[in-house]
Amino acid sequence: MNQIVEPTGAARCQGYQLSKQRNAPDPELTQVGPGTPCGEYLRRYWHPVALAEDVGEVPYKLRILGEDVILFRERGGRYGLVHQRCPHRLASLEYGTCEDRGIRCCYHGWLFDVDGTLLETPGQPEEVGSKLRESVQLGAYPVREYKGLIFAYMGPPEKIPPFPIYDAFDIPGMTLMPYKAPFHCNWLQVLDAILDPIHTSFLHSRISRVQFTEALGELGVLGFAERGMQIVGTNTRRVNDNVWIRVNELILPNFTQAGAAFATDGTKVRYFGRSSFTRWVVPIDDENSWAIAWACFGERGDPPQWMTREGCELIEQGELFDRTYEEKQRHPGDAEATEGMGRITVHADEHLAPSDRGIAVMRQRMRKAVRDLVAGKEPPQPTAPAGQTIRSLGGDTVIHAPARKGGDDEAFLKEIGKKVLDIQMAGDARSDAERDDWVIAELKAYEKQLAVAQ
Amino acid sequence: MNQIVEPTGAARCQGYQLSKQRNAPDPELTQVGPGTPCGEYLRRYWHPVALAEDVGEVPYKLRILGEDVILFRERGGRYGLVHQRCPHRLASLEYGTCEDRGIRCCYHGWLFDVDGTLLETPGQPEEVGSKLRESVQLGAYPVREYKGLIFAYMGPPEKIPPFPIYDAFDIPGMTLMPYKAPFHCNWLQVLDAILDPIHTSFLHSRISRVQFTEALGELGVLGFAERGMQIVGTNTRRVNDNVWIRVNELILPNFTQAGAAFATDGTKVRYFGRSSFTRWVVPIDDENSWAIAWACFGERGDPPQWMTREGCELIEQGELFDRTYEEKQRHPGDAEATEGMGRITVHADEHLAPSDRGIAVMRQRMRKAVRDLVAGKEPPQPTAPAGQTIRSLGGDTVIHAPARKGGDDEAFLKEIGKKVLDIQMAGDARSDAERDDWVIAELKAYEKQLAVAQ
Amino acid sequence: MNQIVEPTGAARCQGYQLSKQRNAPDPELTQVGPGTPCGEYLRRYWHPVALAEDVGEVPYKLRILGEDVILFRERGGRYGLVHQRCPHRLASLEYGTCEDRGIRCCYHGWLFDVDGTLLETPGQPEEVGSKLRESVQLGAYPVREYKGLIFAYMGPPEKIPPFPIYDAFDIPGMTLMPYKAPFHCNWLQVLDAILDPIHTSFLHSRISRVQFTEALGELGVLGFAERGMQIVGTNTRRVNDNVWIRVNELILPNFTQAGAAFATDGTKVRYFGRSSFTRWVVPIDDENSWAIAWACFGERGDPPQWMTREGCELIEQGELFDRTYEEKQRHPGDAEATEGMGRITVHADEHLAPSDRGIAVMRQRMRKAVRDLVAGKEPPQPTAPAGQTIRSLGGDTVIHAPARKGGDDEAFLKEIGKKVLDIQMAGDARSDAERDDWVIAELKAYEKQLAVAQ
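Chains as they are written, first to last, in this note's numbering: chain A, 1 to 454; chain B, 1 to 454; chain C, 1 to 454.
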């Protein structure tokens, strides 16, 4: 303990110089409050804002996109999402009562419908009350419950898009379990991870501990594709004589799907397996976010044994959320990786690498959409073939395809990854009823064709 | 859970538009720190700042009007209210010792009298010490104990008004129990409630639960009067063959009294019953306040069974202060109503209604006084008939006065409310010794006269 | 409780006027973040930043001089002090793993050497990876472990001074116990106390309670000296027929030593006893600081019975750190005195007295050094005789020297104090091997000479 040695490489240490080169955050993509460019952009879309189980007999207070709002359910059954405060004297409606119709303020009993219409003003002279009921409105947002999630649209009423129905909302045999996970940081650093195909190998496998399957620790061959609002990253790995293609996707601005968490390690064939979650990253405010999602269980999703609250936490980020600091240090998950960047990360301080291509593209696309909106051009909505659901791709395919003797296996994997993704995308031309069978049949045909070519 | 229905009235929802119309707070009436217009205005009056029982063997640190101060009591007995920090090296006097005379700083032993005079500077050469003792002064404020409350005057010494003695300080047979209640919000939204005559019917009766007497759930006929610095709101209710007149009052800037909390439900006659509390709303800083008061027990106040800490909390706001969030949501009291507005409410976002007349008048009066002071005109002090106490009115009168067959009972109640208030105000012409008997006799005579007119 | 008395001396109370005369803090000496003048000044010196025992298997996150950094130890053994965030995607290295060589980021496995060199970028194409490894560097600082403390140099690499070795680091028979103590306030108000010779008599003896020895309650005769970067305050007290000279010292900017805490009360002779601690006051940020030190135990230090965590807390500040508010009020220690000034004290509000001479000089010297540095002149480093340790003085000497009958004992004490300090300083001319024996012999000779002169 007593030795005096020259400090290692003092001359090479650049802490002092580098501490002077700190940059500022990226407000264009990280500020989400009312009136900010990115906040306005996000307000052009439907977002999940809570779980149905959050809403009981009393109103539920929450913050979304930097705005404090109250979610409630009438005793009858309709949901309402309204501004926090009664326009009369600004008492918080979290203390109001849920009525057969609407919500009643605790302070003076004013009653508001789910659309914010002022229905009753007790204790005021009728001639004044009727004028108040015409002129005063509580801020409200369209809201709907869907399979245990509560979705809202917080943008301009005249721009309201149809509620988007994705294929993933109704896959035969799949059970959807709603969950939400808090992140104490800006939404974008949570979102980034979906298009970061190699953090799985490090954070979730090699470094922290094996959080999903051991095979994820293998770095695969990366692929990348864009289609409309969809950005897709693939990771193709060899597992003995099998080839495992994992597809992660983002549909702008914040819809995410990935491969399975626990369902596959590449050792068994799997054709067009689907995502472990159907998930949105939703800003609470600039410094906090929710991942709100269904975890997907069934033959084409994750094994039903994980269909618990803890299971959903593991699927979301590889580790339980509520842990000691020491546990977090020894076994970090996505929360540690993303929250550790600080409340709002600083893009200009990063050094993006080739594996970050998806992230870079996503930010460019989003920045363009935000700037377009500022310039008056509305952002696009996800589209679907006429009369069909919006198509998504996240999931895994594993085919039998031994390495070719003397061949360049990396090139071979790249080719297979591209072809499998092409087949899955080609499924879009089919109707909801036919598509999955068609894709699976094509994948099997391709597998057979490879065997023949061997 | 699976149905897809069109979101209710999406087109009527105005959350998006209304979230862009947020206004700013009202600094003229809500900023209370040193040097602010409203802070200066409030510093022209004596205010209670603590309970005598807050002050024990060690100094008591508190914040009042945005300033950190130390309240202490000499071992002899005098109270002192001084600036937080010793002018020598700025050690906090909360760690000082209470001496036979004055308070001694823990760091270097400097001793200060209750008026801030520097008495001792040990360890300094005498010639320097004597100069220090002449030139250095600890900030101090005049302070006095009165029936268990500690009052202070924090304004300019040359403007100090006489300590105001109200009639309510010494009503025969009345026991005063000191209490204080914290509100985590601006003082004005706590104060507002005293002139809000119908929140009692909603918050305290119909919506949360019956916190006082059930009869308060009835909306009565409102009356209103101003007299000097006094603003009075009356609520006159019919209870079977009785008429119950409840008088709430504010004496500017922050003296409040109300009707009884538990003593009457209007079923028994009561002549010139007095307030459930004699109470001041005192700013801690812009975002926190105290209600500091005596709860008043006795035949003309509330029943002595409530003379406990819990009883005082119920009298103050209808519910206990320290409760779970769920209890607060299910049974809100004044703390939830006022704190729920946010730390500093935004007057410009309100929509005041006819029942808010008293609040509107109070703010106008206060705003005028604040502006007058900025313009150099000192605000008025409460006045009393020569040699008498300052007269207050808060309380209840219940007289037997059955509805007139075929008559307009609302008009009748209005007439009775006005007459009862007139009688009580007319009592001002009498001396302290005669007044109450005179008012009670007049009320009884009026009751008899009504019976005859029947 | 009911009496009404005129508030004492209301007219003399100047709280109102004085609350308008508040000044602002002293940014030149209290702001310590990267790029601030004082921060730059402090970054010219080695500072202890942690205890070796803080660093285990996982990285240790800390803040020093307003900068968040990570201290870690390779499994091999070298320490590294690096910027908090990986330059790739800014994941926090507190979740990284300590490797045989360097630290590895949890998110994508980038590996950094202790000097910040990027060693591995797994998952990136080799041609890109090699460019990244050349161009990207993690901020790092030279760091060394020394007897259980971790020292770092956070300034410009080309200005790195030699690691300063003080005499106190290796006194024969002395055991050094590392400790650190948190202060929730600016560093300077913690540092000030070392040159405040009379707070010991008040805070640590007369007012709080006797925290060290009772004799410290006696105010002594003060002396003062400057030598190079060293500022020394002496306190000379008579204890019966003995004279006790206590030497406190600061070596700029933040090295402090004092007399013994428990070893002497002046009743037994002691020749050139040494400091109770060898201690640095190190800013965490503008509002928090560490005292990081060795407590010194042995015949010339404090008695080994205090060699515990609690003992170190008592030596540091007279009381344990983790106490209830009531205990702190009744028995304040240095933490209460310094933290009670507020997070950043306001020098312009102080009224310094003659006993604060050392504090005033220290601030002048420091202010000059800060301004010199802004003007381009590097601050001086502590110097040592060629080939020897840097000499320090903190400690106690007690000699037998009865008061002279009929003489001016205060003048006598002053003369002795000065002479003893002169002898100790004269020891600088001797080598490390000879110095202590020489000083002790001279002190004894002086004691004998005084006895003869009696």
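Glycine residues also receive a C-beta, built at the ideal position from the N, C-alpha and C atoms. Predicted, not measured: the structure shown is a model, and the values here were computed from it.
In this structure, what does DSSP give as the bridge partners for CYS98 of chain A?
-> A:ILE103
Can you pull the chain A residues whose beta carbon is under 7 Å from the beta carbon of CYS13 of chain B, in chain order? ASP115, GLY116, ALA140, TYR141, PRO142 and PRO157
query: By the 10 Å Cβ neighbour count, where 16 or more other Cβ atoms means buried, how is ARG45 of chain C classified, buried or exposed?
result: The question names Arg, yet the displayed sequence has Tyr at residue 45 of chain C. TYR45 of chain C should be labelled buried.
Quiz item: Exposed or buried, SER92 of chain C, counting other C-beta atoms within 10 Å across all chains shown (16 or more means buried)?
Solution: The C-beta of SER92 of chain C has 16 or more other C-beta atoms within 10 Å across all chains shown, which makes the residue buried.
Measuring CB atoms only, is the stretch 391-400 of chain C touching the stretch 57-74 of chain C, in the sense that at least three cross pairs come out at less than 8 Å? no
**Prompt:** Around the Cβ of SER135 of chain C, are there at least 16 other Cβ atoms within 10 angstroms (buried) or fewer (exposed)?
**Reply:** Classification for SER135 of chain C: exposed.
Pairwise C-alpha distance: PRO354 of chain C and PRO125 of chain B = 7 Å
Exercise. List, in order along the chain, the chain A residues whose C-beta lies closer than 9 Å to that of GLN381 of chain C?
Worked result: Within chain A, no residue comes near GLN381 of chain C; the closest Cβ sits about 15 Å away, beyond 9 Å.
My guess is that ASP167 of chain A and ASP432 of chain A are in contact by the Cβ rule of under 8 Å, so how many angstroms apart are they, rounded?
7 Å
So what's GLU434 of chain B in DSSP terms, helix, strand or just coil? helix
message = Quick test of the definition: if touching needs 3 or more C-beta pairs under 8 Å, does the stretch 374-386 of chain C touch the stretch 219-232 of chain C?
response = yes
By the 10 Å Cβ neighbour count, where 16 or more other Cβ atoms means buried, how is LEU250 of chain C classified, buried or exposed?
buried
Run through the stretch 298-326 of chain B for me and flag every whole alpha helix (DSSP H) of 4 or more residues, listed as ranges in chain order. 309-317
- prompt: Alpha carbon to alpha carbon, how far is PHE212 of chain A from THR200 of chain A?
  reply: Taken atom to atom, the span from the alpha-carbon of PHE212 of chain A to that of THR200 of chain A is near 9 Å.
For this session: Could you give the DSSP three-state label for ASP113 of chain A: helix, strand or coil?
Result: coil
**Q.** Cβ pair ILE292 of chain B, LEU149 of chain B closer than 8 Å
**A.** yes
| Residues in its own chain within less than 6 Å of GLU299 of chain A by CB, not counting five upstream and five downstream? | GLY173
CB-CB length for VAL243 of chain A against ALA215 of chain A, believed under 8 Å: So it is not a contact: roughly 12 Å between Cβ atoms.
Please identify the residue among C:ASP428, C:ALA11, C:ALA348 and C:ALA369 whose C-alpha is closest to the C-alpha of ASP26 of chain C.
C:ALA348
Handout entry: Sequence-distant residues of its chain with Cβ nearer than 8 Å to ALA263 of chain B (five each side left out)
Key = ARG270, GLY273, SER276, GLY301, ASP302, PRO303 and ASP396
Q | Selection from B:GLY33, B:HIS88 and B:GLY116 that minimises the alpha carbon distance to PHE72 of chain B | A | B:GLY116
Nearest neighbour of LEU326 of chain C, chosen from B:LEU90, B:GLY96, B:GLY76 and B:LEU29 [CA to CA]: The question names Leu, but residue 326 of chain C in the sequence shown is Glu. GLU326 of chain C has its Cα closest to that of B:GLY96, out of B:LEU90, B:GLY96, B:GLY76 and B:LEU29.
Which residues in the same chain as MET341 of chain C place their Cβ atom closer than 6 Å to its Cβ, once the five residues preceding and following it in sequence are excluded?
Here the set comprises GLN189.
I'd like the list of long-range same chain contacts for TRP438 of chain B, defined as Cβ closer than 7 Å, with 5 residues on each side in sequence excluded. GLY427 and ARG430
_Near-chain C residues of the stretch 348-360 of chain A (beta-carbon distance less than 7 Å), N- to C-terminal order_ = Listed by position along the chain: ASP349, GLU350, HIS351, ALA353, PRO354 and SER355.
Spatial distance of LEU455 of chain A from GLY109 of chain C (CA atoms)
As shown, chain A starts at 1 and ends at 454. That puts residue 455 of chain A outside it, with no answer to give.
task = Identify the contact partners of GLY223 of chain B in chain C, using a Cβ-Cβ distance below 8 Å as the criterion.
result = Here the premise fails: no neighbours, minimum Cβ distance about 35 Å.
- Comparing the C-beta of GLU319 of chain C with each C-beta of chain B, is any distance below 8 Å? No, its Cβ sits nowhere closer than 8 Å to a Cβ of chain B.
For VAL49 of chain A, which residues from the same chain have a beta carbon less than 6 Å from its beta carbon, with the 5 sequence-adjacent residues on both sides left out?
A distance below 6 Å between beta-carbons, with the five flanking residues on each side excluded, links VAL49 of chain A to the following residues of its chain, in chain order: ILE64, ILE150 and ALA152.
For ASN186 of chain A, is the classification buried or exposed, using 16 other Cβ atoms within 10 angstroms of its Cβ as the cut-off for buried?
-> buried
| task | Would you list the one or two residues that DSSP bridges to HIS83 of chain B? | result | B:VAL69
Secondary structure at LEU252 of chain C, three-state DSSP: helix, strand or coil? When secondary structure is reduced to three states using DSSP, LEU252 of chain C falls in the coil class, being assigned neither helix nor strand.
### Query
Is PHE151 of chain A helix, strand or coil by DSSP?
Taken through DSSP and simplified to helix, strand or coil, PHE151 of chain A comes out as strand.
| message | Using only the alpha-carbon positions, how far apart do ARG22 of chain A and ALA10 of chain A sit? | response | 22 Å
Classify LYS405 of chain C as buried or exposed, calling it buried when 16 or more other Cβ atoms lie within 10 Å of its own Cβ. exposed
Proximity of HIS204 of chain B and GLY318 of chain B at Cβ, strictly below 8 Å | yes
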